[in-house]
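First residue of the sequence shown: 1, per my numbering; consecutive thereafter.
Virtual Cβ for every residue (Gly too), placed ideally from N, Cα, C.
A quick note: this is a predicted structure, and the numbers were derived from the prediction, not measured.
Structure record follows, encoded as structure tokens.
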Amino acid sequence: MRQPIIKQYLFYAFLGLAMGFVVARIGFADYDELHRMFILADLRMLYSFAGAVVLSMLILALWSKKMPKQNKIFQPGTIPGSMLFGFGWAISGACPSLVFVQLGSGRLAAIFTLLGIYLGVLLHKKIHARYFRWDTGSCGV
1 MRQPIIKQYL FYAFLGLAMG FVVARIGFAD YDELHRMFIL ADLRMLYSFA
51 GAVVLSMLIL ALWSKKMPKQ NKIFQPGTIP GSMLFGFGWA ISGACPSLVF
101 VQLGSGRLAA IFTLLGIYLG VLLHKKIHAR YFRWDTGSCG V
């Protein structure tokens with residue numbers, strides 16, 4: 001591997017570790033905290049996510065003015081897929097990145113979430129190849 005690529009990977013690994021540390025310290029990797037968000041008992045996390053979405057939208061709007069536009073079609077699986085993703089997140093108390101934060105925090109129940117993520121990806125691959133066959137936009141991965 002070339003030296004610049006290794007430095008880039010190390011930089012991203014550092015950012016991921018820093019994000020995981022912050023997320024764990026403020027309690028966002030806690031199942032009870034996520035559960036309170038989903039039943040609207042505590043809106044702190046919901047407001048944090050909403051703020052992150054708004055900030056991301058602003059940054060992408062500014063950034064996209066400099067980038068060429070790509071024509072992407074709406075995929076029929078976007079809505080049901082996002083609903084399944086949300087259901088899994090609500091049941092397990094972890095989005096895919098938080099499962100690693102939970103594992104790093106010693107929450108062994110996160111192993112089941114990781115197993116569910118793996119099985120969901122495997123199931124999607126099998127079902128999509130057999131029944132749907134539309135372009136997923138994932139470069140064949």
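| Query | Result |
| --- | --- |
| For residue 133, the first and last residue of its enclosing alpha helix (DSSP H) | Looking at the DSSP string, residue 133 is not in any alpha helix (DSSP H), and its letter there is neither H nor E. |
| Cβ neighbour criterion (16 or more within 10 Å) applied to residue 32 | exposed |
| Distance, residue 42 Cα to residue 54 Cα | 20 angstroms |
| Runs of alpha helix (DSSP H) wholly within the stretch 71 to 114 (minimum 4 residues, chain order) | 78 to 92, 96 to 104 |
| Candidates 134, 110, 19, 46, of which the one nearest residue 74 by Cα | 134 |
| Contact belief for residue 93 with residue 35 at Cβ below 8 angstroms, rounded distance in angstroms | 6 angstroms |
| Exposure of residue 37, with buried meaning 16 or more beta-carbon neighbours within 10 Å | buried |
| Status (buried if at least 16 other CB within 10 Å, exposed otherwise) for residue 102 | buried |
| Any 3 or more C-beta pairs closer than 8 angstroms across the stretch 43 to 52 and the stretch 108 to 124 | no |
| Three-state class that DSSP yields for residue 67 in the structure shown | coil |
| Cut-off 7 angstroms between Cβ atoms - residues of its own chain near residue 96, not counting five sequence neighbours on either side | 117 |
| Close Cβ partners of residue 20 (< 7 angstroms) along its chain, the five nearest in sequence each way excluded | 100, 101, 104 |
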